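Enquirer: Input: one structure, supplied below.
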Amino acid sequence: MSQTKTDAIVIGSGISGLTAAALLAKNGRKVLIVEQNRQPGGALRRFTRGGIPFDIGFHYTGGLGQGQILKVLWEHLGVWPGITPRPIHPDGYDFFKFPDSKTELKSFYSYEKARAQLHSVFPHEVSGINQYLDMINNLAMKIPFFNLDLPFSPFLRDFFSASDQPLTKAISSIIKDPELQAVLSAPSLLYGVAPDQAGLTMHASVAHSYYTGAWGVQGGGQAIVDSFLKVLADNGVEIRTGQRVEQIDVSDGQVTGITIDDRKIPASQVIYTGHPVHFPGLVTPGSFRPAFSNRVKNLEDTSSMFVVFGKLAEPAAIPALNHANLYSITPGFGLLDDLSEARGSGTMLMTAPGRRDQDSSAGSNKAAQGVILMRPASWAETAHFSDGYKQRSKDYQQWKTDATSDLIDQAAANFGEACQNIKPLAAGSPLTFRDELGSPAGGVYGVQHNLHQYVARARTKVQGLYLSGQGSLMAGLIGASMSGLVTASEIMGLDETWNRVRNCH
Ligand SMILES: Cc1cc2nc3c(=O)[nH]c(=O)nc-3n(C[C@H](O)[C@H](O)[C@H](O)COP(=O)(O)OP(=O)(O)OC[C@H]3O[C@@H](n4cnc5c(N)ncnc54)[C@H](O)[C@@H]3O)c2cc1C
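Taking the working numbering, the leading residue of the sequence shown gets 1473, the next gets one more, and so forth.
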């Protein structure tokens, strides 16, 4: 361990922890990151199967355009020179189709192109489409991450207290066509909350980021992590991997450090970025009121997924994946309903982020052969196989094999017979996500940010102890990055830090 006293300990090396650590270190703090996995990066880590690199938790993002939040933040932190953004395509889009209908739609990553396409496919809904897109844009313009002219503090105060309206109510009051309702509510798949539980503002923050551009990154999420690691090393941040923090030590209402393997590491600030439900159990007993601990322990998870990572020997066989993410959805607001029934019929997504590794054209390199198939999944599907941490039964392996071939069949039915040539290399289920992400019900985006559930704030009642990560502010690459920014700003001064970041732009 370094001889210099540690100011701040960050628990977790996902994008929120890396962001908070980089900001604190840039401002002269001595920072230690502790990560339980052997590799840093959290959900942004890559793994390789059959020589093909796959991303777990990063397929595409907004925010990387000129003057947009991730680019501005990463420029401020010195991370940007290590990033090569790959626009999905100048004319890229999410492609939507319905299993039992001829309707097909390109939802472009541009307000104007999306508007024109929506008008042409749903001419009977022109007025509602205009109202919806304007509403999303107007709401996003009240969020400082999308309108860099705004100060931080009023947004954070209102964000946690705002009485938002339900997404289903907002859409159904202006849109009557069930297929269009499904298309417009589909971004809820990117934050894992069913449309009837989701708030319009949270929805707008995700939908807007894609209507203003969508990118991959050369080298995927791992390239983002690697660029952060270089900057952190340059700023003297120590990272210890393969070490699980077992206790956050508190004395007299002030955090005093952490305990790992019965050894204490003192620090006057500790930031926890893991799943919030585990947080109360880590902190010295009696530090929080039972009401707070129970509320946090019982937070409901986001929806889970079943994911197949496969190989397509001839990427040219599905050329649409060069410039689009392919969605099949059902009409109405039921994208995340009846997940245990979803197998083989409901919502699914097919994407090939590896193709963005080489100028987005289908070529011969290994990454371009990777294909990822995803469908929403419920904890109930795998709960009965759950023996213990990373322990799997033969019955589970059989279930996974069957679920994999069902998903490939579903892809073939939706996107063409060429999908039958996808060779599955790995699969992730709610059990996988429980064990890899620490989500009790395998939720892929941490706890739900819905209309009814408490949102954990960065600052806790214990002095020097903070929460961050997708479970606190928002999910996704942008949301988790913003939570790291907000938490570090709570320590260094909210508006001063925000001013330094946005003035970089
Ligand atoms: C399948 C999937 C697909 C996704 N696709 C996209 C996408 O296309 N675009 C997008 O923007 N977002 C996507 N996301 C979401 C995005 O990956 C996450 O929102 C984001 O990476 C979360 O970052 P985080 O720092 O909050 O959490 P994490 O990345 O989960 O990091 C938390 C870290 O804390 C560590 N930790 C927890 N407890 C302890 C402890 N006690 N001691 C030590 N370490 C601890 C964990 O090991 C972990 O590394 C996807 C997620 C998944 C799972």
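Note that CB positions come from ideal geometry on N, CA and C, so glycine has one too.
On a predicted model such as this, the values are computed, not experimentally measured, just so you know.
Does the distance between the C-beta of M1777 and the nearest non-hydrogen atom of ligand 1 fall short of 7 angstroms?
Expert: Within the cutoff, so yes.
Enquirer: Closest by CA to T1728, which one among G1714, I1743, R1716, Q1715?
Expert: If we check each option's Cα against that of T1728, I1743 comes out closest.
Enquirer: Please report the straight-line C-alpha distance between L1490 and W1546, rounded to a whole angstrom.
Expert: Near 11 angstroms, if we compare the C-alpha coordinates of W1546 and L1490.
Enquirer: Would you mind working out which of A1930, Y1926, Y1532 sits nearest S1961, comparing C-alpha positions?
Expert: The shortest C-alpha separation from S1961 is found at A1930.
Enquirer: For a test of the three-state rule: what should DSSP assign to Y1532, helix, strand or coil?
Expert: Looking at Y1532 - three-state DSSP - the assignment turns out to be coil, as it is neither helix nor strand.
Enquirer: Return yes when at least one heavy atom of ligand 1 lies under 7 angstroms from the C-beta of V1689, else no.
Expert: Outside the cutoff, so no.
Enquirer: Hey, would you say the C-beta of H1531 is under 7 angstroms away from at least one heavy atom of ligand 1?
Expert: Answer for H1531: yes, Cβ within range of ligand 1.
Enquirer: Answer yes if the segment 1761-1781 comes into contact with the segment 1840-1848, meaning at least three C-beta pairs across the two stretches below 8 angstroms, and no otherwise.
Expert: A contact exists between the segment 1840-1848 and the segment 1761-1781.
Enquirer: Does the beta carbon of Y1682 fall short of 7 angstroms from some heavy atom of ligand 1?
Expert: The answer is no for Y1682.
Enquirer: Taking the alpha-carbon positions, what's the I1608 to A1739 distance?
Expert: Those two C-alpha atoms are separated by around 42 angstroms.
Enquirer: Please specify which runs of the alpha helix (DSSP H), each continuous and at least 4 residues long, are wholly inside the segment 1877-1926, giving them in chain order.
Expert: Fully enclosed alpha helix (DSSP H) runs of 4 or longer: 1902-1909.
Enquirer: Using a threshold of 8 angstroms, state whether the C-beta atoms of S1488 and Q1942 are closer than that.
Expert: Their beta carbons are under 8 angstroms apart, which means S1488 touches Q1942 by this criterion.
Enquirer: From what residue to what residue does the beta strand (DSSP E) around L1504 run?
Expert: Per DSSP, L1504 belongs to the beta strand (DSSP E) from 1503-1506.
Enquirer: Please list, in chain order, all residues of the same chain as N1975 whose beta carbon is under 8 angstroms from its beta carbon, the five residues on each side excluded.
Expert: Correct list: empty, nothing qualifies.
Enquirer: Confirm the yes/no value for this check: CB of S1485, any heavy atom of ligand 1, distance under 7 angstroms.
Expert: Answer for S1485: yes, Cβ within range of ligand 1.
Enquirer: Beta-carbon within less than 6 angstroms of G1826's beta-carbon, same chain only, minus the 5 sequence neighbours each way: which residues are those?
Expert: Cβ within range, chain order: A1839, A1840, G1842.
Enquirer: Got a sec? Which residues, its chain only, sit under 7 angstroms from D1636 by beta carbon, not counting five neighbours each side?
Expert: Taken in chain order, the residues that qualify are G1671, L1672, T1673, L1923.
Enquirer: Output yes or no for whether 8 angstroms exceeds the beta carbon distance between T1731 and Q1719.
Expert: Yes, the Cβ-Cβ distance between T1731 and Q1719 is below 8 angstroms.
Enquirer: What three-state label does DSSP hand M2012 in the structure shown?
Expert: Since the first residue of the chain shown is 1473 and the last is 1977, residue 2012 is not available in this structure.
Enquirer: With the cut-off set at 8 angstroms, would you say V1551 and S1699 are in Cβ contact?
Expert: Yes. Within cutoff.
Enquirer: Note down the Cα distance separating A1849 from L1549, rounded to an integer number of angstroms.
Expert: A1849 and L1549: Cα-Cα distance of roughly 37 angstroms.
Enquirer: Output the distance between the C-alpha atoms of V1689 and R1828, rounded to the nearest integer angstrom.
Expert: Approximately 7 angstroms, taken between the alpha carbons.
Enquirer: Can you find the residues in the same chain that come closer than 6 angstroms, C-beta to C-beta, to L1495, ignoring five residues on each side of it along the sequence?
Expert: The residues are A1960.
Enquirer: If you follow the alpha helix (DSSP H) that P1650 is in, where does it begin and where does it stop?
Expert: 1650-1657 is the extent of the alpha helix (DSSP H) around P1650.
Enquirer: Could you please give me the residues that DSSP links to I1844 through a beta bridge?
Expert: Looking at the DSSP assignment, I1844 forms a beta bridge with F1781, T1823.
Enquirer: Where DSSP assigns a beta bridge to K1736, which residues make up the other side?
Expert: Beta-bridge pairing links K1736 to T1731.
Enquirer: Starting from I1483, follow its DSSP beta bridges and name the residues at the other end.
Expert: I1483 is bridged to V1506, Y1744.
Enquirer: If you follow the alpha helix (DSSP H) that W1970 is part of, which residue opens it and which one closes it?
Expert: Taken as a continuous stretch (DSSP letters only), the alpha helix (DSSP H) holding W1970 covers 1966-1974.
Enquirer: Tell me which same chain residues have a C-beta within less than 7 angstroms of the C-beta of W1851, skipping the five on either side of it?
Expert: So the qualifying residues of the chain are S1776, P1902, A1913, G1914.
Enquirer: Within 10 angstroms of its Cβ, does E1651 collect 16 or more other Cβ (buried), or is it exposed?
Expert: The residue in question, E1651, is buried, as its Cβ has 16 or more Cβ neighbours within 10 Å.
Enquirer: Do I1647 and L1656 have their C-beta atoms closer together than 8 angstroms?
Expert: Yes, the pair counts as a contact, with Cβ atoms nearer than the cut-off.
Enquirer: I want to check one thing, is the minimum distance from the CB of Y1583 to the heavy atoms of ligand 1 below 7 angstroms?
Expert: Because no heavy atom of ligand 1 lies under 7 angstroms away, the Cβ of Y1583 does not count as near it: no.
Enquirer: Contact defined as beta carbons within less than 8 angstroms: I believe A1686 pairs with P1659. What is the distance between those atoms, to the nearest angstrom?
Expert: Contact flag wrong, Cβ pair sits at about 11 angstroms.
Enquirer: List the whole-angstrom C-beta distance separating K1477 from K1502, where the pair is believed to meet the contact cut-off of C-beta under 8 angstroms.
Expert: Contact holds; Cβ gap of about 6 angstroms.
Enquirer: What's the call for G1888, buried or exposed, on a 16-neighbour Cβ count within 10 Å?
Expert: That one is exposed.
Enquirer: Going by beta-carbon coordinates alone, are R1521 and L1897 separated by less than 8 angstroms?
Expert: Their beta carbons are under 8 angstroms apart, which means R1521 touches L1897 by this criterion.
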